[in-house]
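Working notes for the structure below.
Protein chains: 2
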Amino acid sequence: MANADHVSVKVFSLNCWGIRFLSKHCPQRYRMLGEMLCKEEHDVVLLQEVWSEKDYLYLKKKLAGCHPHSHYFKSGVIGSGLAIFTKHRIHDTFLYRYSLNGYPYMAHHGDWFGGKAVGMAVLNINNLMANIYITHLHAEYSREKDSYLPHRVVQAWELQQFVRHTSAGADLIILGGDLNMHPQDLGNRLLMSYTGLRDSYLETAQFDGCEDGMTLIADNPFISKKELAPFEKGIRIDYILFKGSSRTDILCDFMSTTKGFVPGHPFPYSDHEALTAHLMLKSRIPAEVGSDQPKAQESHAGKLAELVDILTEARTEVKVGLHCAERMRYTAARTGVMGLALLFLELAIAAVPWLALGAEQPFPRISFYLLASLCFAILLTTFLLYVFYTMELKSLQGAEDQMRLAVSSLQEKLRGFPVAQPHNALRRPPEGHEPSALDPEE
Amino acid sequence: MANADHVSVKVFSLNCWGIRFLSKHCPQRYRMLGEMLCKEEHDVVLLQEVWSEKDYLYLKKKLAGCHPHSHYFKSGVIGSGLAIFTKHRIHDTFLYRYSLNGYPYMAHHGDWFGGKAVGMAVLNINNLMANIYITHLHAEYSREKDSYLPHRVVQAWELQQFVRHTSAGADLIILGGDLNMHPQDLGNRLLMSYTGLRDSYLETAQFDGCEDGMTLIADNPFISKKELAPFEKGIRIDYILFKGSSRTDILCDFMSTTKGFVPGHPFPYSDHEALTAHLMLKSRIPAEVGSDQPKAQESHAGKLAELVDILTEARTEVKVGLHCAERMRYTAARTGVMGLALLFLELAIAAVPWLALGAEQPFPRISFYLLASLCFAILLTTFLLYVFYTMELKSLQGAEDQMRLAVSSLQEKLRGFPVAQPHNALRRPPEGHEPSALDPEE
């Protein structure tokens with residue numbers, strides 16, 4: 099696998115579509131997957147939508163020989179669906195649950211119950227500290243009228259924050275998963291420019307797979323062509339991203355996807371295509387860093403300016419979400435008030451015969467009780483919705499606040515804010531990472 | 099504030115007890131606090147329980163001159179209550195919401211609605227990158243029968259994960275807040291030994307304040323002595339913790355707490371005492387690191403062993419929480435099934451006259467409808483509780499899984515696992531931080 103100076107890391111990622119009893123041929127597909135993984139012996143296997151812990155345990159047993167180390171990230175009601183299998187010892191894990199993830203009453207979409215999150219595992223690959231991230235963002239059910247867009251943008255925002263802040267000590271970073279975003283989507287641009295992560299499909303020296311690296315394709319028998327419209331052939335929403343550090347260079351030698359079928363089997367592993375990336379690690383000579391200073395600074399300023407634009411766009415999207423959540427909360431409150439008014443009205447009518455003794459009860463008892471139950475049901479439901487929308491609002495506002503602060507911090511840097519100049523004896527030495535737009539001040 | 103080689107940082111922390119219209123003298127106390135903060139000019143001010151955004155905005159305006167930079171962390175239904183004010187520009191912020199935080203139906207305790215979290219702000223203090231953390235953990239309402247203990251232990255676990263994983267690039271770390279844990283409590287030991295954070299009260303060269311550094315004292319007029327029992331004089335549950343790095347030494351010169359009253363004012367700032375710590379930063383000479391190797395290794399092994407013990411204790415506590423959550427979920431499910439059975443029984447009885455034509459309706463319509471409403475109410479409530487307890491279970495299981503993995507990773511290290519030996523050309527240079535028990539392998 100490695101010589102003294104070169105280490106190769108084979109990474110696999112697949113959205114398994116593992117809803118027990120609902121997804122087609124689930125047990126057979128897991129069996130196929132397990133056999134293939136045993137044979138291929140990837141260094142790191144990142145699986146999404148492993149919704150049942152039983153299936154995770156099946157794979158764990160099956161892969162015990164080739165991938166002795168594994169972790170299943172638990173979250174939400176059903177679980178995050180995220181699982182990692184690896185040849186290398188996992189030293190540490192950490193899970194970040196996204197603050198926004200759809201609505202519990204959209205049960206047919208199910209995302210809320212999945213408790214979407216990003217999981218991190220710290221591996222030691224040939225004495226290099228590797229931070230491996232796996233995630234699955236909220237699905238896009240309609241491209242034209244995507245009511246979950248603000249949620250997904252906030253998820254992308256939190257994902258980049260998590261990756262950026264937890265990876266300062268790492269020699270290399272690998273992020274794999276189903277981002278549910280097209281390459282040029284806002285959230286994707288936010289993630290890539292903020293973290294400096296590179297897309298293995300775009301960077302690979304050699305590629306074998308679907309046209310344009312697509313991972314959800316019309317040729318897959320589990321896909322209904324209707325769902326893909328207007329993208330007739332398919333879309334690219336699954337990724338393997340990577341990044342080195344000042345100590346490690348990282349390149350993608352080869353990348354492949356499955357093509358909607360698996361030779362020798364009646365159906366593919368999943369409704370998504372599987373991704374494999376062969377990454378090459380090389381120790382970096384410190385002198386390489388910091389050469390070409392003026393040019394590097396210029397391009398750095400360009401990146402900062404681009405990031406400000408992306409952030410402005412993201413803030414607009416979050417604001418759209420804010421307005422929507424406010425409207426929903428207002429509707430819930432108004433409905434609640436109407437329920438309360440109805441209840442009072444009913445009580446007032448019921449009180450008439452009680453006050454004017456002898457007068458007859460104006461409406462039959464049954465409808466009285468039915469109406470009262472209805473009022474209570476309305477009050478309870480609207481109360482729960484009000485609480486939920488308030489939490490949604492807080493999360494959206496929080497993300498918007500953080501983005502505003504980030505924009506102003508970037509703008510200060512662009513202006514060449516004096517804090518940026520190295521003039522103090524206590525100044526810290528250069529930071530460990532490849533340049534990303536928000537690396538420490540320069 | 100600084101010469102070329104020494105930087106002093108003044109940190110302030112206070113739980114403000116800021117429940118509008120419920121906490122006593124709230125506006126007056128905020129006014130007092132604002133005036134004092136303007137005068138004292140701390141570098142970093144960490145406030146908890148600022149439950150109303152209006153109060154945050156009042157302080158923001160009041161402190162605009164002395165603390166031009168601030169951030170209010172939003173979370174939950176009411177907000178996390180966490181606010182930071184500082185002299186130094188905030189470059190970045192990040193919020194981690196704890197996965198467990200009490201129960202929504204314990205509304206009189208209110209913790210669930212507060213959305214407890216840990217907030218991080220990245221500051222540039224004299225060209226040092228400072229990671230400032232602020233948090234507030236779940237309250238302890240009864241020491242003898244603390245049903246929230248598993249939740250607080252998981253919060254402490256997540257707090258140490260967050261601090262440890264996000265601080266690798268920082269020159270110094272400061273954590274302030276109301277941990278709701280006594281110094282020797284399990285969660286506190288977990289936090290301190292895992293992160294290597296040091297307690298300013300224990301480390302300070304000079305101290306002025308309450309006996310034993312207590313922060314919730316019987317002499318405070320807002321405290322009912324009953325609540326404190328069996329700790330007659332008070333308890334220490336608020337902290338300012340700190341840690342340097344391989345590049346920065348950090349010491350606590352002076353620490354103080356308020357003493358239950360504020361000279362010249364009729365009442366104190368809050369029901370908690372305020373903490374102030376004067377920290378001194380000094381650039382570290384790299385040669386200092388790594389001296390005394392054998393001795394250091396021995397103490398490192400001792401620390402690892404201690405950490406394994408603490409983790410084992412924490413796992414036990416989380417398992418207690420697991421059993422409790424499982425029991426609660428079982429009760430919810432059983433009650434739900436009973437509600438469903440009652441509904442079917444009722445429907446069966448109602449169906450009798452319909453099947454046996456001519457037979458009379460066996461029970462009056464009103465009670466029929468009332469009973470049906472009751473059944474539906476039971477079903478809805480138990481369904482919501484079932485979902486909630488399932489999420490609680492997933493979070494507890496997730497924490498337990500992570501702890502188990504951490505224990506096995508620590509034990510491998512203790513055994514002198516071969517991965518730990520530096521033998522590969524790609525080996526990374528020594529990591530930036532002061533030793534903590536989980537620093538990269540040695």
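From first to last, the protein sequence lines stand for chains G and X.
Every number in the numbering used here is 98 more than the matching position in the first sequence, counting from 1.
Every number in the numbering used here is 98 more than the matching position in the second sequence, counting from 1.
We treat Cβ as the ideally placed atom computed from N, Cα and C, and that holds for glycine.
>> Is it the case that the segment 235-250 of chain X contacts the segment 346-358 of chain X, given that we only count it when at least three CB pairs across the two stretches are under 8 Å?
In response: no
> Shorter than 8 Å from the beta carbon of S354 of chain G to some beta carbon of chain X?
Replying inline: no
> Using a Cβ cut-off of 7 Å, which residues of the segment 176-191 of chain G contact any Cβ in chain X, in chain order?
Replying inline: G177, R187, I188, H189, D190, T191
> Who are the neighbours of V485 of chain G on chain X, taking C-beta pairs under 9 Å?
Replying inline: V175, P202, F211
> Counting pairs of Cβ atoms below 8 Å between the segment 280-296 of chain X and the segment 291-306 of chain G, do you hit three or more?
Replying inline: no
> With 16 as the cutoff for other CB atoms within 10 Å, does Y194 of chain X come out buried or exposed?
Replying inline: buried
> Measuring CB to CB, does Q495 of chain X end up less than 8 Å from F192 of chain G?
Replying inline: no
> Who are the Cβ neighbours of A181 of chain G in its own chain at under 6 Å, not counting the five residues just before and after it?
Replying inline: L145, V148, Y154, Y170
> Where does K341 of chain X land, buried or exposed, given buried means 16+ other C-beta within 10 angstroms?
Replying inline: buried
>> I want to see whether chain G comes within less than 8 Å of F340 of chain X, judged by CB atoms only; does it?
In response: no
>> Distance cutoff 8 Å, beta carbons only. Does R463 of chain G sit that close to anything in chain X?
In response: yes
> When the Cα atoms are used, what is the spatial distance from T184 of chain G to E371 of chain X?
Replying inline: 49 Å
> How about S178 of chain X and G212 of chain X: are their beta carbons less than 8 Å apart?
Replying inline: yes
>> Using a Cβ-Cβ cutoff of 8 Å, what residues of the segment 494-505 of chain X are near chain G? List them in chain order.
In response: Q495, G496, D499, Q500, L503, A504
>> So if I threshold CB-CB distances at 8 Å, which residues from the segment 160-173 of chain G count as touching chain X?
In response: H169, Y170, F171, K172, S173
> DSSP on G132 of chain X, reduced to helix/strand/coil?
Replying inline: helix
> Listing by chain order, which chain X residues have their CB less than 8 Å from the CB of R195 of chain G?
Replying inline: R195, S197
>> Given a cut-off of 8 Å on the beta-carbon distance, is the pair P328 of chain G and F365 of chain G in contact?
In response: no
> Can at least three beta-carbon pairs, one atom from the segment 470-486 of chain X and one from the segment 419-439 of chain X, be found at a separation below 8 Å?
Replying inline: yes
> For I315 of chain X, does the three-state DSSP call read helix, strand or coil?
Replying inline: strand
> Going along the segment 265-276 of chain X in order, which residues come within less than 9 Å of chain G, judged by CB to CB distance?
Replying inline: S265, A266, G267, A268, D269
>> Tell me which residue opens and which closes the beta strand (DSSP E) that D347 of chain X is part of.
In response: 346-355
> Enumerated in chain order, which unbroken segments of the beta strand (DSSP E) with a length of 3 residues or greater are wholly contained in the segment 267-311 of chain G?
Replying inline: 270-276, 304-306
>> Give the list of continuous alpha helix (DSSP H) stretches no shorter than 4 residues that lie fully inside the segment 203-260 of chain G.
In response: 209-212
> Going by beta carbon distance, what residues of the same chain come within less than 8 Å of A399 of chain X, once the five residues before and after it are set aside?
Replying inline: L512
>> Per the DSSP calculation, I188 of chain X is bridged to which residue(s)?
In response: X:L221
>> Beta-carbon within less than 8 Å of A205 of chain X's beta-carbon, same chain only, minus the 5 sequence neighbours each way: which residues are those?
In response: F211
> Where does V435 of chain G fall in DSSP's three states?
Replying inline: helix
> If you count every other CB in all the chains shown that lies within 10 Å of the CB of E386 of chain G, and 16 or more means buried, which is it?
Replying inline: In this predicted model, E386 of chain G has a pLDDT of only 49, less than 50, meaning its place in the structure is not dependable; the value taken from the coordinates is given anyway. Burial call: exposed.
> Among residues of its own chain, excluding the 5 on either side of V105 of chain X, which ones have a beta-carbon nearer than 6 Å to its beta-carbon?
Replying inline: N224, L379
> In the structure shown, what three-state DSSP assignment does D369 of chain G receive?
Replying inline: coil
>> Let's test the definition: count the other Cβ atoms within 10 Å of the Cβ of T346 of chain G and tell me whether it reaches 16, buried, or not, exposed.
In response: buried
>> Within a Cβ cutoff of 7 Å, which residues of the same chain sit near G174 of chain G, ignoring the five residues on either side of it in sequence?
In response: F211, G212, G213
>> For A254 of chain X, which residues in the same chain have their Cβ closer than 6 Å to its Cβ, ignoring the five residues on either side in sequence?
In response: G285, L288, L289
> Going by C-alpha distance, which of G:N199, G:T374, G:L112, G:S381 is nearest Y128 of chain G?
Replying inline: G:L112
> Taking C-alpha atoms, which residue in G:I333, G:D407, G:S265 lies nearest to R241 of chain G?
Replying inline: G:I333
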